[in-house]
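Number of protein chains: 2
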Amino acid sequence: MSQSVPAAPAVPAPAQLMDQLAAAAAAYYRHFTALAAERGLTLVQGKTLSLLREPRSMRSLADLLACDASNMTGVVDRLESRGLVRREVDPADRRIKNVLLTEAGEQTVRLIRAEMMSSLTGLEQMSEDERRDFQALLCRVFPGTAAT
Amino acid sequence: MSQSVPAAPAVPAPAQLMDQLAAAAAAYYRHFTALAAERGLTLVQGKTLSLLREPRSMRSLADLLACDASNMTGVVDRLESRGLVRREVDPADRRIKNVLLTEAGEQTVRLIRAEMMSSLTGLEQMSEDERRDFQALLCRVFPGTAAT
DNA sequence: TATTGTTATACTCTATAACTATA
DNA sequence: TATAGTTATAGAGTATAACAATA
C-alpha cells in the first residue's frame, strides 16, 4: 500500500505485444480448426476451401498455402471425393488443372465464414475509427495483408 | 475524374477486417514455421519449445497446443532425442512428467524469439500509444490474449 | 528445356482406443 | 475410480525425388 496503482492501462513492451500476437494467431486457428472439424474437415482442407472464392490452379493453391505442390494432390483428392470441389483442365494451357468449388463447397465456405464472423463479436462491435486503426496497425506489422 | 478520391484511408468492413486477421495469422505462422525450419524443427516442435519458458507437464503442453495428450509423447521424444528438452518425474506426484528446456533448448528458443522480433519491425517502431491501442484491440477480438 | 501435376516414399502430426502406473 | 503418460493404429499433412504430359 506504499504506492497507488496507476489507473491507465499498462503499455506493453514490444516483446509482450509479440507474445500477444502469437496468442491471437493461435486463438484464430483454434477457432477456425474447430469450425472446420464440425464439418469433418481438417485445418488445411478448410483453408483450401476458403482460398477458392475464385478458381485456382493446384500450383497457386500450393503457393498460397506455403507448401510443396505435391501435397495438393492429396488434399484436393479428399475434398473432391466429398463433393466439395472439382478439377477442370485449363483450356488455354492443358498442363494446368483449375480447382473450383461445387455448390456444396460454396455452402460450406459460407457457413464457416459466417460462424467465424459471429464468434469474433469484438469485430462487429468496433466503430469505424477503431476498424481503420486496427487495419493500419495490422498492415504495419504484417505488410501485404491489407484488406481487399 | 468526375469525383476526387478521398484522402483518408478506407474504413474496412468487419468482414474485410476478418479477412485481414486471417492473412495476418497466416503470415505469423509462415514466419514462425520458416524460423523453426531453419533449425530443422517443425511448427509444432517450435511451438512446444516456446511454451517451455517454465517447466510444464505433458498434459499441460497438450492442453496449450489444443491436441490430444497422446501426441505429446512423440513430439517430446523427438525434441528430447535432439537434446533440446528433458523429462523429469514430478516429486510430488509420480504420475506427472515435467518437461524442461535444456541449455541448447533455451538457446534455440532465444534465437527464434529474437529473429521473430526483428522480422516484425513494425512492432518495434510503434509508439507507446500505438502499442497500448493495439493491445486493447487484440484483447477485444481475442479475449484472454492479454500480455503477461 | 521449363512448367504443371502426379506418384512413391518417408517422416511428422493427429485422434482414438487400450494399457500401465500412480493417486 | 480417476488421472498422467504411453503404446498401437490409422488417417492426414509434409518435403523430396522421379516421372509423364504439355508448353
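Chains as they are written, first to last, in this note's numbering: chain R, -12 to 135; chain V, -12 to 135. Using N, Cα and C, we set each Cβ at its ideal position, and we do this for glycine too. Bear in mind that the values here come from a model prediction, so they are computed numbers and not experimental data.
Residue burial classification, residue i (beta-carbon count within 10 angstroms, cutoff 16)
i, result
"V/Ala101", "exposed"
"V/Val62", "buried"
"R/Leu8", "buried"
"R/Ala12", "buried"
"V/Ala24", "exposed"
"R/Thr132", "buried"
"V/Arg118", "buried"
"R/Gln32", "buried"
"V/Thr108", "exposed"
"R/Glu4", "The identity of residue 4 of chain R in the sequence shown is Leu, whereas the question assumes Glu. Answer is buried; the Cβ neighbour count reaches 16."
"R/Pro130", "exposed"
"R/Leu36", "buried"
"R/Leu110", "buried"
"R/Leu28", "buried"
"R/Leu66", "buried"
"V/Leu98", "exposed"
"V/Ser(-11)", "With a pLDDT of 48 at V/Ser(-11), under the threshold of 50, the modelled position of this residue cannot be trusted; read the value that follows with caution. Classification for V/Ser(-11): exposed."
Contact set between residue i and chain V, taken where Cβ atoms lie within less than 7 Å
i, result
"R/Gly109", "Arg127, Val128"
"R/Ala53", "Arg17"
"R/Ala14", "Phe129, Thr132"
CB contact check: residue i to chain V, cutoff 8 Å
i, result
"R/Arg17", "yes"
"R/Ala23", "no"
"R/Gln94", "no"
"R/Glu117", "yes"
"R/Val62", "no"
Partner residues on chain R for residue i, Cβ-Cβ distance less than 8 Å
i, result
"V/Asp120", "Asp120, Leu124"
Closer than 8 Å to chain R by CB, residue i
i, result
"V/Phe78", "It should be noted that the sequence gives Pro, not Phe, for residue 78 of chain V. No, no contact with chain R."
"V/Ala11", "yes"
"V/Met59", "no"
Residue closest to residue i, alpha-carbon to alpha-carbon, out of the options
i, options, result
"V/Arg26", "V/Thr132, V/Leu52, V/Gln94", "V/Gln94"
"V/Asp6", "R/Ala53, R/Met103, R/Asp77, R/Thr29", "R/Met103"
"V/Val(-2)", "R/Ser106, R/Thr20, R/Ala123, R/Gly33", "R/Ala123"
"V/Ala21", "R/Leu4, R/Cys54, R/Tyr16, R/Ala14", "R/Cys54"
"R/Cys126", "V/Ala2, V/Pro1, V/Ala14", "V/Ala14"
"V/Ser57", "V/Arg46, V/Glu115, V/Asp120", "V/Arg46"
"V/His18", "R/Leu48, R/Leu30, R/Phe19, R/Leu52", "R/Leu52"
"R/Asn85", "R/Thr60, R/Met113, R/Asp116, R/Arg97", "R/Thr60"
"V/Val128", "R/Ala49, R/Asp64, R/Ser105", "R/Ser105"
"R/Val96", "R/Ala49, R/Lys34, R/Pro(-4), R/Asp116", "R/Lys34"
Where residue i meets chain R, residues with beta-carbon distance less than 7 Å
i, result
"V/Val(-2)", "Glu115, Arg118, Arg119"
Partner residues on chain V for residue i, Cβ-Cβ distance less than 9 Å
i, result
"R/Met104", "Pro1, Ala2, Met5"
Inset, instruction - Examine the Cβ distances between the stretch 36 to 47 of chain V and the stretch 80 to 97 of chain R and report whether three or more of them are shorter than 8 Å. - result: no
Legend entry - the stretch 89 to 107 of chain R in contact with the stretch 65 to 77 of chain R per 3-pair CB rule at 8 Å: yes
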